[in-house]
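Below is one structure; the comments refer to it alone.
In this note's numbering, the protein residues as written are 218 to 538.
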């Protein structure tokens with residue numbers, strides 16, 4: 218990993234119209250730098266906006282507000298030519314390895330499709346490239362002639378990874394890429410992703426709700442709540458010194474097999490507020506044990522509390538220690 222920024226989000230917002238003149242605020246004013254060669258983990262409860270942010274950063278969604286910058290140059294996702302060019306640089310591995318593969322296409326055709334769309338290689342070289350990619354992800358070249366339903370979930374996710382690498386991207390969004398798999402298969406896919414990162418000099422945005430997984434694979438971790446980024450830090454720093462009460466609660470909920478571990482269980486009370494009508498001030502104040510009057514009215518500032526450790530909270534936990 219270097220300090221060079223590959224992907225930058227500046228004040229990214231993504232809203233969806235849901236009828237009746239109402240807007241669902243899926244992502245709200247996110248500023249984020251993803252460094253070349255790193256794996257940035259993104260965590261939060263279901264519905265926090267992490268998948269929407271990932272899809273916006275890779276161009277599937279056009280941001281409602283804000284700017285996306287790739288390798289120092291703005292990406293205009295409203296421009297068809299820019300969006301097409303960016304699709305070759307940024308790819309995604311989806312959560313459901315079956316739903317994301319066309320059941321009517323052979324595996325070879327699925328992997329080759331991106332190369333055809335981007336006019337890469339001649340037909341013979343594309344077939345060779347398909348065989349290479351299948352080998353890289355742990356499958357055989359004979360698998361190219363089979364259909365997705367003939368494979369297990371783990372094998373289908375390997376196919377999805379091969380497809381994402383076909384056009385030689387530098388930025389890959391892994392959107393809950395292992396959450397639908399058995400635990401034993403999860404570790405295999407995570408190790409594969411780690412190996413591919415080194416071999417192909419990839420940069421990952423790894424989206425998950427599982428903090429045990431994200432701790433293993435990520436260099437840094439961002440925490441989202443109801444569309445907002447609430448904390449961002451180096452992985453070890455975040456686990457050793459969480460500053461936001463929401464981050465602390467997520468970590469307290471991680472399952473453990475250590476019966477002697479003396480860990481206080483902090484259960485978040487209440488439900489996540491509606492993103493259609495989010496609370497004023499700090500969005501987490503309705504569930505926070507440290508809430509004061511300012512939390513109910515003022516949006517907390519995104520500030521750097523330690524080198525590389527950012528938090529948006531009126532009362533960071535370090536101030537209470």
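The C-beta atom is built at its ideal place from N, Cα and C for all residues, glycine as well.
Could you pull out every residue in the same chain whose Cβ sits closer than 8 Å to the Cβ of residue 338, ignoring the five residues on either side in sequence?
Working through the chain shown from its first residue, we reach residue 338 at position 121. Excluding residues within five positions, the ones whose Cβ falls inside 8 Å are 332, 346.
So, with DSSP's three-state summary, where would you put residue 233?
Here the question's residue 233 lines up with position 16 in the chain shown. Strand at residue 233.
Tell me whether residue 291 is buried or exposed, calling it buried when 16 or more other Cβ atoms sit within 10 Å of its Cβ.
Taking the chain shown and counting its residues from 1, the one referred to as residue 291 is at position 74. By the 10 Å Cβ count, residue 291 comes out exposed.
Residue 375 and residue 395: beta carbons closer than 8 Å?
One-based indexing of the chain shown puts residue 375 at position 158. One-based indexing of the chain shown puts residue 395 at position 178. Cβ distance not < 8 Å, so residue 375 and residue 395 don't count as in contact.
Assuming the contact rule is C-beta atoms closer than 8 Å, residue 526 and residue 512 should be a hit. Round their C-beta distance to whole Å, please.
The residue labelled residue 526 in the question sits at position 309 within the chain shown. The residue labelled residue 512 in the question sits at position 295 within the chain shown. About 20 Å; that fails the 8 Å criterion.
Counting C-beta neighbours from all protein chains within 10 Å, is the total for residue 303 16 or more, i.e. buried, or is it exposed?
Along the chain shown, read from residue 1 onward, the residue named residue 303 stands at position 86. Per the 10 Å Cβ criterion, buried.
With distances taken between CB atoms, is the gap from residue 581 to residue 254 smaller than 8 Å?
One cannot answer for residue 581 here, as it falls past the ends of the chain, which runs 218 to 538.
With 16 other Cβ atoms within 10 Å as the buried cut-off, status of residue 562:
No statement about residue 562 is possible, as the shown extent of the chain runs from 218 to 538 and does not include it.
Give me, in chain order, the residues of the same chain whose beta-carbon lies closer than 6 Å to that of residue 275; leave out the 5 immediate sequence neighbours on both sides.
Taking the first residue of the chain shown as position 1, residue 275 is located at position 58. Around residue 275: 307, 309, 390.
Please report how far the alpha carbon of residue 452 lies from the alpha carbon of residue 340, in whole angstroms.
Here residue 452 corresponds to residue number 235 of the chain shown, with the count starting at 1. Here residue 340 corresponds to residue number 123 of the chain shown, with the count starting at 1. Each residue's Cα considered, the two are about 44 Å apart.
In the DSSP assignment, the alpha helix (DSSP H) including residue 513 goes from what residue to what residue?
Sequence index remark: in the chain shown, residue 513 carries index 296 (1-based). That run of the alpha helix (DSSP H) goes 510-514.
Assigned exposure category for residue 219 - 16 Cβ within 10 Å defines buried
For the purposes of this step, residue 219 is taken as residue 2 along the chain shown, with counting starting at 1. Taking a 10 Å sphere around the C-beta of residue 219, we find fewer than 16 other C-beta atoms and assign the residue as exposed.
Quick one: give me the first and last residue of the alpha helix (DSSP H) that residue 333 is part of.
On the chain shown, residue 333 is found 116 positions in, with the first residue counted as 1. Its alpha helix (DSSP H) spans residues 324-334.
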